[in-house]
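**Q**
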Amino acid sequence: GREWNHDASLDWHLLDGGDNWHHGVQRLVRDLNHTYRHHKVVA
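Taking our numbering, the leading residue of the sequence shown gets 61, the next gets one more, and so forth.
#1: Could you pull out every residue in the same chain whose Cβ sits closer than 7 Å to the Cβ of Asn80, ignoring the five residues on either side in sequence?
#2: So, at 7 Å on beta carbons, what are the nonlocal neighbours of Asn65 in its own chain, with the 5 sequence-adjacent residues on each side left out?
#3: Between which residues of its own chain and Leu74 is the CB-CB distance below 6 Å, once the five residues before and five after are set aside?
#4: Go ahead and pull the three-state DSSP assignment for Arg62.
#5: Roughly how many angstroms separate the alpha carbons of His98 and Leu92, rounded to a whole number?
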């Protein structure tokens, strides 16, 4: 992968096209955030 560059935009196009690996990671983070916010035992 590429090194972080604060002068460049994020590769948002990687989320286009439906069900791919990047989209799956996005859903995983969404679900983890939901669990963290709604289940105080985790927090």
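By construction, the Cβ of each residue, glycine as well, lies at the ideal position given by its N, Cα and C atoms.
**A** Once the coordinates are examined:
#1: Your numbering for residue 80 matches position 20 in the sequence shown. Contacts found: none.
#2: Here residue 65 refers to the residue found at position 5 when the sequence shown is read from its first residue. If we look at Asn65 and ignore the five residues flanking it on each side, it has no Cβ neighbours.
#3: For this step, residue 74 is matched to residue 14 along the sequence shown. Taken in chain order, the residues that qualify are His82.
#4: The count along the sequence shown starts at 1 and reaches residue 62 at position 2. Coil, per DSSP.
#5: Indexing the sequence shown from 1 puts residue 98 at position 38. Indexing the sequence shown from 1 puts residue 92 at position 32. Answer to the nearest angstrom: the Cα atoms are 10 Å apart.
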